[in-house]
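Some notes on the structure that comes next.
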Amino acid sequence: MKVFGITIGSPAEGGPPLVVGGYPVVDLLPQEVRVARRSRGIRRGVISVAALLVVVAIGGGVAAKFAAVAAEVRLAGAQVRTEQLLAQQAEYFEVTSVQAEIDQRTAARYVITSTEIDWRSIMTQIRSMLPAGATVLSMDADGASPMELYAQATSPLQGARVATVRFTIQSSSMLSVPALVDQLATLPGFVDAQVPSTTATEEAVETSFVVHLDQGAYANRFPVETPADGSDPASPGTETSDDEPAVEALGDEEEAN
Numbered sequence: 066m067k068v069f070g071i072t073i074g075s076p077a078e079g080g081p082p083l084v085v086g087g088y089p090v091v092d093l094l095p096q097e098v099r100v101a102r103r104s105r106g107i108r109r110g111v112i113s114v115a116a117l118l119v120v121v122a123i124g125g126g127v128a129a130k131f132a133a134v135a136a137e138v139r140l141a142g143a144q145v146r147t148e149q150l151l152a153q154q155a156e157y158f159e160v161t162s163v164q165a166e167i168d169q170r171t172a173a174r175y176v177i178t179s180t181e182i183d184w185r186s187i188m189t190q191i192r193s194m195l196p197a198g199a200t201v202l203s204m205d206a207d208g209a210s211p212m213e214l215y216a217q218a219t220s221p222l223q224g225a226r227v228a229t230v231r232f233t234i235q236s237s238s239m240l241s242v243p244a245l246v247d248q249l250a251t252l253p254g255f256v257d258a259q260v261p262s263t264t265a266t267e268e269a270v271e272t273s274f275v276v277h278l279d280q281g282a283y284a285n286r287f288p289v290e291t292p293a294d295g296s297d298p299a300s301p302g303t304e305t306s307d308d309e310p311a312v313e314a315l316g317d318e319e320e321a322n
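First residue of the sequence shown: 66, per our numbering; consecutive thereafter.
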């Protein structure tokens with residue numbers, strides 16, 4: 066605004082405020098001093114930030130050192146505990162050795178008897194199926210072994226088998242082969258039955274049969290079982306069986322014939 070031809074600034078116009086009756090004041094401070102004061106404030110701020118960063122870094126290092134020391138203490142405790150457990154385990158070394166041997170023997174027994182067939186029972190069942198007046202002239206059998214796969218038929222129409230029973234029957238008259246085959250089908254693991262030859266003489270009729278069996282014929286005397294409570298299966302010495310080995314049973318049947 067203008068007063069008597071003199072322009073006086075106002076706060077609204079961006080100039081100094083109008084002071085009536087005040088003392089005259091002149092700011093003679095150089096601009097360099099103001100800049101220096103602002104610079105000192107900035108420097109103090111930078112120094113404060115740097116000091117804070119140093120404190121944080123030192124604190125992080127101390128915390129990391131404490132964490133490393135704590136980890137070493139825990140590791141030392143775990144090593145001591147491990148040594149104690151090994152010492153206790155050494156006290157029961159014989160027990161663990163015996164248990165390992167039992168497990169090995171149990172596994173070996175399972176493998177050895179995995180292909181075992183109760184030939185005595187099979188042959189007894191076959192004899193019981195013969196018609197009245199018929200006798201068995203010869204009977205033999207063979208099956209798979211734990212170390213070797215059983216030979217399979219080359220014809221795709223024949224089923225897989227793990228054992229074969231061959232026997233010859235002598236009768237005074239011609240046998241009813243279909244009826245006998247139907248009875249043979251009740252054998253455990255029955256796959257098929259074949260009649261390779263029939264020889265008739267004036268005195269008798271001889272009929273040969275070949276019966277194939279699958280895994281259903283296995284005796285499974287020692288199946289692998291896991292108790293419900295998770296404990297170890299019974300040791301081999303606690304299991305008994307009245308069954309004779311398959312080879313001995315087969316020999317007894319051949320001697321009987």
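A virtual CB, placed ideally from N, CA and C, is assigned to each residue, including glycine.
Predicted model only: the values in this text are computed from it and were never measured.
Cα-Cα separation, residue i to residue j
i: residue 178; j: residue 261; result: 31 Å
i: residue 195; j: residue 168; result: 45 Å
i: residue 159; j: residue 234; result: 58 Å
i: residue 144; j: residue 153; result: 14 Å
i: residue 242; j: residue 281; result: 24 Å
i: residue 225; j: residue 150; result: 53 Å
i: residue 186; j: residue 209; result: 18 Å
i: residue 137; j: residue 155; result: 27 Å
i: residue 265; j: residue 271; result: 6 Å
i: residue 104; j: residue 117; result: 20 Å
i: residue 219; j: residue 201; result: 29 Å
i: residue 247; j: residue 184; result: 20 Å
i: residue 140; j: residue 102; result: 57 Å
i: residue 95; j: residue 107; result: 19 Å
i: residue 214; j: residue 207; result: 12 Å
i: residue 171; j: residue 268; result: 54 Å
i: residue 127; j: residue 134; result: 11 Å
i: residue 121; j: residue 161; result: 55 Å
i: residue 89; j: residue 99; result: 22 Å
i: residue 300; j: residue 157; result: Only weak support exists for where residue 300 lies, its pLDDT of 41 falling under 50; the value from the coordinates is given anyway. Cα-Cα distance, rounded: 18 Å.
i: residue 164; j: residue 146; result: 25 Å
i: residue 115; j: residue 109; result: 10 Å
i: residue 125; j: residue 119; result: 10 Å
i: residue 131; j: residue 112; result: 29 Å
i: residue 142; j: residue 166; result: 34 Å
8 Å CB neighbourhood of residue i in its chain, flanking five on each side removed
i: residue 283; result: 179, 180, 181, 182, 227, 254
i: residue 193; result: none
i: residue 252; result: 187, 190, 191, 276, 278, 282
i: residue 123; result: none
Segment limits, alpha helix (DSSP H) that includes residue i
i: residue 189; result: 184–194
i: residue 103; result: 96–156
Candidates the options: closest to residue i by CA position
i: residue 199; options: 141, 206, 191; result: 191
i: residue 223; options: 110, 277, 114; result: 277
i: residue 205; options: 274, 122, 146; result: 274
i: residue 250; options: 137, 211, 230, 237; result: 230
i: residue 244; options: 232, 258, 123; result: 258
i: residue 216; options: 252, 189, 279, 166; result: 279
i: residue 212; options: 173, 189, 131, 188; result: 173
i: residue 197; options: 125, 236, 189, 165; result: 236
Boundaries of the beta strand (DSSP E) in which residue i is found, first to last residue
i: residue 235; result: 228–236
i: residue 258; result: 255–265
i: residue 279; result: Segment: none, residue 279 is in no beta strand (DSSP E) and carries neither H nor E.
i: residue 222; result: Per DSSP, residue 222 belongs to no beta strand (DSSP E) and is neither H nor E.
i: residue 242; result: Unbroken run through residue 242 is the alpha helix (DSSP H), 242–249; no beta strand (DSSP E).
i: residue 289; result: Looking at the DSSP string, residue 289 is not in any beta strand (DSSP E), and its letter there is neither H nor E.
i: residue 180; result: Where residue 180 is concerned, there is no enclosing beta strand (DSSP E), given that its DSSP letter is neither H nor E.
i: residue 204; result: 200–208
Close beta carbons around residue i, own chain, < 6 Å, minus the five adjacent residues each side
i: residue 148; result: none
i: residue 239; result: 270
Proximity test, Cβ basis, 8 Å: residue i and chain D
i: residue 108; result: Reference to chain D is not applicable here, since this structure consists of a single protein chain.
Beta-bridge pairing of residue i - partner residues as DSSP gives them
i: residue 272; result: 234, 263
i: residue 213; result: 210
Cβ-based neighbour list, residue i, same chain, cut-off 7 Å, excluding 5 preceding and 5 following
i: residue 175; result: 287, 289
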